[in-house]
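Counting from 5, one number per residue, gives the positions in the sequence shown under the working numbering.
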Amino acid sequence: MPLLQYDIEEPSKAGALSALLCSWYDIKKRDLVWRQTQDPYSIWVSEIMAQQTRITAVLPYYIRFMEHFPTIQDLANAPADDVLKAWEGLGYYSRAHNLLKTAQIVVNDYNGKFPTDIRLIKKLPGIGDYTAGAIASICFHQPEPAVDGNVLRVFARLYDSSLNISEASTKKLLTVFLRTIIPTDKPGIFNQALMELGALVCVPKNPSCPVCPVRTLCKAYEQGKQNQLPVKSAKKDVKQLDITVLLIKNAKDQILMRQRNEKLLNGLWEFYMVDQALDTAGAKKRVQGLGYTVTDIVSVGKATHRFTHIQWNMNGYQCEIEGGKPPSLTGYEFMPIEELQRLAIPVAVQFYKDWLIGSGATQVALEDLLSVHGLFNSSRPTG
Ligand code: SF4
Numbered sequence: 005m006p007l008l009q010y011d012i013e014e015p016s017k018a019g020a021l022s023a024l025l026c027s028w029y030d031i032k033k034r035d036l037v038w039r040q041t042q043d044p045y046s047i048w049v050s051e052i053m054a055q056q057t058r059i060t061a062v063l064p065y066y067i068r069f070m071e072h073f074p075t076i077q078d079l080a081n082a083p084a085d086d087v088l089k090a091w092e093g094l095g096y097y098s099r100a101h102n103l104l105k106t107a108q109i110v111v112n113d114y115n116g117k118f119p120t121d122i123r124l125i126k127k128l129p130g131i132g133d134y135t136a137g138a139i140a141s142i143c144f145h146q147p148e149p150a151v152d153g154n155v156l157r158v159f160a161r162l163y164d165s166s167l168n169i170s171e172a173s174t175k176k177l178l179t180v181f182l183r184t185i186i187p188t189d190k191p192g193i194f195n196q197a198l199m200e201l202g203a204l205v206c207v208p209k210n211p212s213c214p215v216c217p218v219r220t221l222c223k224a225y226e227q228g229k230q231n232q233l234p235v236k237s238a239k240k241d242v243k244q245l246d247i248t249v250l251l252i253k254n255a256k257d258q259i260l261m262r263q264r265n266e267k268l269l270n271g272l273w274e275f276y277m278v279d280q281a282l283d284t285a286g287a288k289k290r291v292q293g294l295g296y297t298v299t300d301i302v303s304v305g306k307a308t309h310r311f312t313h314i315q316w317n318m319n320g321y322q323c324e325i326e327g328g329k330p331p332s333l334t335g336y337e338f339m340p341i342e343e344l345q346r347l348a349i350p351v352a353v354q355f356y357k358d359w360l361i362g363s364g365a366t367q368v369a370l371e372d373l374l375s376v377h378g379l380f381n382s383s384r385p386t387g
């Protein structure tokens, strides 16, 4: 009977767990900017940004995004290109598309105010059970669980559960269980305390059990099994894809660009790219095949970028060509190099953009923003 793996033997344990967690959170929580508000717009943006990205990496992006779009109305009225640009660097760009769609629905259908009914919140694009639970509990004080990977890991250890946390059924069981123990007087604090414990103490590898506020209740700690749990499925193999990036520059110093319409990186701008590893001669031949005369070609270097299930192994060349007309390929156009600063360009090919601009300006701008807010951190998310 799997549910028993999360059962609490003594009724007092649920109360003790909640009390210990919430007191610890009160003292130890990080002073994050979105924790100073219960405004649903701010909480929603922060939760979407924090998915699959470390909080410390999210902070500068969050500040920049909220400066661009201080209200949900500002976001709803923004062009998609502006939203993608503000999201640039965070990766998982479908989240940015969904943010825009949800903002438009909230403004048009709910008069600019987030619905409070969790069933309606879950119907908004890009909002799943976890985010809906976070918004409902933090902003509207509803006893709704918010179960993410951190919470699944913490409970697998607390209750010495051998359930596979990669399975949707495990998440459902834990959600049902949490509904029975979530404190109705402070559901938002309880959920945030659990997330914080998973992020700071009960981390995936080598959890800091000696300083854990709930170690006296933890079965895994009692049995020395904390590093064996949770049980999860092995990661799928990452597909390797060889790509040649061609920075095709015409006599007017313009670069051939295309706005992607594929599901991956939809709406972002990229250079002319070929799904094949080409040497210099092959790259030159490819550009000539577009109808151009190549006057010079230089190797720019290699870069790799890993998405969730695929890795791009890129090799780049800059090709100087005569003439300036775009090839007869749908979606391509020549753009002045300065325009690259305005366009939303995937992190994956940022190396080539910086090479063209020659200044690493994106990173500098980000670090400037961090310094202004006293938040400089050299590590950055992938995406
Ligand atoms: Fe996690 Fe260790 Fe705390 Fe148990 S005692 S909840 S394993 S940090």
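Where is the CB? At the ideal position from N, CA and C, for every residue including glycine.
Euclidean distance between Cα positions of residue i and residue j
| i | j | result |
| --- | --- | --- |
| Gly364 | Val278 | Its pLDDT being 40, under 50, Gly364 is placed unreliably in this model, and the value from its coordinates should be taken loosely. About 24 Å. |
| Thr345 | Lys89 | The identity of residue 345 in the sequence shown is Gln, whereas the question assumes Thr. Distance between the alpha carbons of Gln345 and Lys89: 9 Å. |
| Phe144 | Thr120 | 7 Å |
| Gln232 | Thr312 | 24 Å |
| Phe275 | Leu104 | 25 Å |
| Gly192 | Asn319 | 48 Å |
| Leu269 | Ala197 | 33 Å |
| Asn81 | Ser166 | 48 Å |
| Ala348 | Pro217 | 43 Å |
| Tyr225 | Ser173 | 25 Å |
Residue i Cβ short of 7 Å to the ligand SF4 heavy atom set
| i | result |
| --- | --- |
| Arg183 | no |
| Pro208 | no |
| Cys26 | no |
| Ser22 | no |
| Cys222 | yes |
| Pro211 | yes |
| Gln230 | yes |
| Arg161 | yes |
| Tyr225 | yes |
| Val158 | yes |
| Thr155 | Reading off the sequence shown, one finds Val at residue 155, where the question assumed Thr. Checking the Cβ of Val155 against the ligand SF4 gives no. |
| Val218 | yes |
| Val235 | no |
Span of the beta strand (DSSP E), counted from its first residue to its last, around residue i
| i | result |
| --- | --- |
| Trp91 | Note, Trp91: premise wrong, no beta strand (DSSP E); alpha helix (DSSP H) at Ala84 to Trp91. |
| Asn317 | Ile314 to Ile325 |
| Gly305 | Val298 to Arg310 |
Distance CB(residue i)-CB(residue j) smaller than 8 Å
| i | j | result |
| --- | --- | --- |
| Leu178 | Leu162 | no |
| Leu272 | Arg264 | yes |
| Thr299 | Glu326 | yes |
| Tyr321 | Ile301 | yes |
Residue interval of the alpha helix (DSSP H) (run including residue i)
| i | result |
| --- | --- |
| Arg140 | Just to set this straight, residue 140 is Ala in the shown sequence, not Arg. Run containing Ala140: Asp133 to Phe144, per the alpha helix (DSSP H) assignment. |
| Gln40 | Here Gln40 belongs to no alpha helix (DSSP H), and DSSP marks it neither H nor E. |
| Thr174 | Ala172 to Ile185 |
| Thr248 | No alpha helix (DSSP H) holds Thr248; the beta strand (DSSP E) holding it covers Lys243 to Lys253. |
| Tyr45 | Pro44 to Ala54 |
| Gly293 | Thr284 to Gly293 |
Paired residues, beta bridge with residue i - DSSP
| i | result |
| --- | --- |
| Pro340 | Gln258 |
| Gln263 | Trp273 |
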